[in-house]
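Residue numbers (our numbering), protein chains in the order written: chain A, 35 to 152; chain B, 35 to 152.
Virtual Cβ for every residue (Gly too), placed ideally from N, Cα, C.
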């Protein structure tokens, strides 16, 4: 058993993530040793109003977003969908996606990336 | 790409989960086909004030809790720790844990279970 209090989690700031706007904050819930070889990422991601994660493709892995707070638009090869708290986006292997915060508060979501063979 | 709006997610109510008190709500973020063979659970769990998930052991898998809201106590073989928003609990293979909501609002957390071999 291991308990990690709030402030000990690893935080990362990515500028212009995947060609998007602004700074995206990635809070890693735990480290790669605990996630194991088939789970590349388990994180809480915060995108500020007007900011975005640019379109990018996932190869050999799939990603699941679970939106906790705020509102935004996700894009799948030019097809846009509005998302908000409780919504889920699944991006299968070889698909592309992007995320834009279109609201006036932070867009916050959980992200889980699993290897395609897992 | 697949987008699931809030109300389409699968919800489950477990009474006296693992011998705990009350009803625990489990919202499955996505289905087992998408999670694959090495990820048994990715869910948002809600425990109401005074309610709990009883002590239980994980065999052949590890679990990560990420607390979003509320306050509670987690127990590791009799050793108690207070937890709140932003805290993380990792329960490795063969370890036991329980969770009690000690606050006056819902205790809400994300749960991820990965197979030990993954």
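Beta-carbon neighbours of residue i, restricted to chain B and to distances below 9 Å
i: residue 81 of chain A; result: In chain order: nothing, as chain B lies at least about 17 Å away.
i: residue 123 of chain A; result: 35, 36, 37 and 38
i: residue 68 of chain A; result: 96, 98, 124, 126 and 148
Endpoints, the beta strand (DSSP E) within which residue i is located
i: residue 37 of chain A; result: 36-38
i: residue 48 of chain A; result: 44-49
i: residue 91 of chain A; result: 86-91
i: residue 106 of chain A; result: 106-110
i: residue 103 of chain B; result: 95-103
i: residue 74 of chain A; result: 73-81
i: residue 151 of chain A; result: Segment: none, residue 151 of chain A is in no beta strand (DSSP E) and carries neither H nor E.
i: residue 113 of chain B; result: 113-117
i: residue 134 of chain B; result: 130-135
i: residue 60 of chain B; result: 57-62
Bounding residues of the alpha helix (DSSP H) (the contiguous stretch that carries residue i)
i: residue 68 of chain B; result: 66-69
Chain-ordered chain A contacts of residue i [CB-CB under 7 Å]
i: residue 115 of chain B; result: 37
i: residue 141 of chain B; result: Simply none; closest approach about 15 Å.
Test: residue i CB closer than 8 Å to a CB of chain B
i: residue 120 of chain A; result: yes
i: residue 96 of chain A; result: yes
i: residue 75 of chain A; result: no
i: residue 51 of chain A; result: no
i: residue 133 of chain A; result: no
i: residue 48 of chain A; result: no
i: residue 108 of chain A; result: yes
Distance CB(residue i)-CB(residue j) smaller than 8 Å
i: residue 127 of chain A; j: residue 92 of chain A; result: yes
i: residue 98 of chain B; j: residue 106 of chain B; result: no
i: residue 143 of chain A; j: residue 76 of chain A; result: no
i: residue 95 of chain B; j: residue 150 of chain B; result: yes
i: residue 84 of chain B; j: residue 54 of chain B; result: no
i: residue 60 of chain A; j: residue 124 of chain B; result: no
i: residue 103 of chain A; j: residue 138 of chain A; result: no
i: residue 87 of chain A; j: residue 51 of chain A; result: yes
Below-8 Å beta-carbon distance, residue i vs any chain A residue
i: residue 136 of chain B; result: no
i: residue 4 of chain B; result: The question about residue 4 of chain B has no answer here: the residues shown for chain B are numbered 35 through 152.
i: residue 93 of chain B; result: no
Neighbouring residues, chain B, relative to residue i (Cβ below 8 Å)
i: residue 105 of chain A; result: Near residue 105 of chain A there are no residues of chain B at all, since even the closest Cβ is about 12 Å away, more than 8 Å.
i: residue 43 of chain A; result: 120 and 122
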